[in-house]
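Following the working numbering, the numbering of the sequence shown begins with 745 at its first residue and continues without gaps.
Have a look at the structure below before the remarks.
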Amino acid sequence: MRDDTFRKTYLQQYAPNDLWDQVVAYWKTQLHNFVPRPELSRNSDYTEHAQWMSALKELAPKVYQNLLAQWRIEHQRRRNLWKAMEKLELC
745 MRDDTFRKTY LQQYAPNDLW DQVVAYWKTQ LHNFVPRPEL SRNSDYTEHA QWMSALKELA
805 PKVYQNLLAQ WRIEHQRRRN LWKAMEKLEL C
(Lines of atoms letter the chains of each structure in order from A and count residues from 1; the text may use other names and numbers.)
(Lines give C-alpha, C1' and ligand atoms only; values in the text may rest on other atoms or scores of the structure.)
Protein backbone atom coordinates (compact mmCIF):
# COMPACT_ATOMS: atom_id res chain seq x y z
CA MET A 1 0.00 0.00 0.00
CA ARG A 2 2.81 2.38 0.91
CA ASP A 3 4.64 1.62 -2.35
CA ASP A 4 1.49 2.37 -4.32
CA THR A 5 1.08 5.73 -2.60
CA PHE A 6 4.75 6.53 -3.26
CA ARG A 7 4.35 5.70 -6.97
CA LYS A 8 1.29 7.91 -7.31
CA THR A 9 3.02 10.80 -5.55
CA TYR A 10 6.11 10.37 -7.73
CA LEU A 11 4.07 10.33 -10.93
CA GLN A 12 2.13 13.42 -9.87
CA GLN A 13 5.40 15.26 -9.27
CA TYR A 14 7.47 14.17 -12.25
CA ALA A 15 5.24 12.78 -14.98
CA PRO A 16 3.60 15.09 -17.49
CA ASN A 17 -0.09 15.75 -16.95
CA ASP A 18 -0.94 14.11 -20.24
CA LEU A 19 1.07 10.93 -19.60
CA TRP A 20 -1.98 8.68 -19.99
CA ASP A 21 -2.87 10.35 -23.29
CA GLN A 22 0.68 9.87 -24.52
CA VAL A 23 0.66 6.19 -23.58
CA VAL A 24 -2.66 5.57 -25.32
CA ALA A 25 -1.51 7.48 -28.40
CA TYR A 26 1.64 5.34 -28.53
CA TRP A 27 -0.37 2.11 -28.34
CA LYS A 28 -2.81 3.30 -30.99
CA THR A 29 0.00 3.96 -33.45
CA GLN A 30 2.36 1.10 -32.57
CA LEU A 31 0.22 -1.81 -31.40
CA HIS A 32 0.13 -3.42 -34.85
CA ASN A 33 3.89 -3.96 -34.53
CA PHE A 34 3.32 -6.12 -31.45
CA VAL A 35 0.72 -8.43 -32.99
CA PRO A 36 2.42 -11.81 -33.48
CA ARG A 37 2.74 -12.91 -37.08
CA PRO A 38 0.88 -16.17 -37.75
CA GLU A 39 3.56 -17.47 -40.09
CA LEU A 40 6.04 -17.45 -37.20
CA SER A 41 3.85 -19.56 -34.92
CA ARG A 42 5.53 -22.71 -33.68
CA ASN A 43 2.28 -24.61 -33.34
CA SER A 44 -1.32 -24.23 -34.41
CA ASP A 45 -2.52 -22.41 -31.29
CA TYR A 46 -3.37 -18.87 -32.36
CA THR A 47 -5.08 -17.72 -29.16
CA GLU A 48 -2.41 -15.12 -28.47
CA HIS A 49 -2.68 -13.79 -32.02
CA ALA A 50 -6.43 -13.35 -31.63
CA GLN A 51 -6.01 -11.62 -28.26
CA TRP A 52 -3.58 -9.10 -29.74
CA MET A 53 -5.95 -8.55 -32.66
CA SER A 54 -8.77 -7.91 -30.19
CA ALA A 55 -6.72 -5.18 -28.52
CA LEU A 56 -5.85 -3.74 -31.93
CA LYS A 57 -9.51 -3.68 -32.91
CA GLU A 58 -10.33 -1.73 -29.76
CA LEU A 59 -7.53 0.83 -30.02
CA ALA A 60 -7.04 1.21 -33.78
CA PRO A 61 -10.04 -0.16 -35.71
CA LYS A 62 -8.83 0.97 -39.15
CA VAL A 63 -5.41 -0.61 -38.67
CA TYR A 64 -7.18 -3.75 -37.43
CA GLN A 65 -9.33 -3.89 -40.57
CA ASN A 66 -6.25 -3.49 -42.80
CA LEU A 67 -4.33 -6.22 -41.00
CA LEU A 68 -7.37 -8.51 -40.99
CA ALA A 69 -7.77 -8.05 -44.75
CA GLN A 70 -4.09 -8.88 -45.23
CA TRP A 71 -4.39 -11.97 -43.03
CA ARG A 72 -7.47 -13.17 -44.94
CA ILE A 73 -5.36 -13.37 -48.07
CA GLU A 74 -2.04 -14.54 -46.64
CA HIS A 75 -3.37 -16.95 -44.00
CA GLN A 76 -6.64 -18.21 -45.44
CA ARG A 77 -5.59 -21.85 -44.94
CA ARG A 78 -4.77 -21.53 -41.23
CA ARG A 79 -8.05 -22.91 -39.90
CA ASN A 80 -7.00 -22.71 -36.28
CA LEU A 81 -6.17 -19.02 -36.67
CA TRP A 82 -9.69 -18.33 -37.90
CA LYS A 83 -11.20 -20.48 -35.16
CA ALA A 84 -9.33 -18.42 -32.56
CA MET A 85 -10.47 -15.22 -34.24
CA GLU A 86 -14.08 -16.39 -34.35
CA LYS A 87 -13.95 -17.38 -30.70
CA LEU A 88 -13.28 -13.72 -29.87
CA GLU A 89 -15.84 -12.56 -32.47
CA LEU A 90 -13.19 -10.86 -34.57
CA CYS A 91 -14.32 -11.97 -38.01
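Glycine is no exception: its CB is placed at the ideal position from the N, C-alpha and C atoms.
Nothing here was measured: the structure is a model prediction, and the numbers come from that model.
Could you tell me if R769 is buried or exposed, where buried requires 16 or more neighbouring beta carbons within 10 angstroms of its beta carbon? Here the question's residue 769 lines up with position 25 in the sequence shown. It should be pointed out that residue 769 corresponds to Ala in this sequence rather than to Arg. Counting the other Cβ atoms within 10 Å of the Cβ of A769 gives fewer than 16, which makes it exposed.
Alpha carbon to alpha carbon, what distance is there between T753 and P780? In the sequence shown, residue 780 corresponds to position 36, counting from 1. In the sequence shown, residue 753 corresponds to position 9, counting from 1. Computed Cα separation, rounded: 36 Å.
Give me the Cβ distance between W771 and L811, rounded to the nearest whole Å; I'm assuming they're in contact under 8 Å. By 1-based counting over the sequence shown, the position of residue 771 is 27. By 1-based counting over the sequence shown, the position of residue 811 is 67. Separation of the CB atoms of W771 and L811 is rounded to 15 Å, and the pair is thereby denied contact status at 8 Å.
Taking a contact to mean a Cβ-Cβ separation below 9 Å, would you say Y790 touches R822 in this structure? Residue 790 sits at position 46 when you count from the first residue of the sequence shown. Residue 822 sits at position 78 when you count from the first residue of the sequence shown. Cβ distance < 9 Å, so Y790 and R822 count as in contact.
In chain order, what residues of the same chain lie with their CB nearer than 7 Å to the CB of Q774, ignoring the 5 residues before and after it? Against the sequence shown, residue 774 aligns to sequence position 30. There are no such residues.
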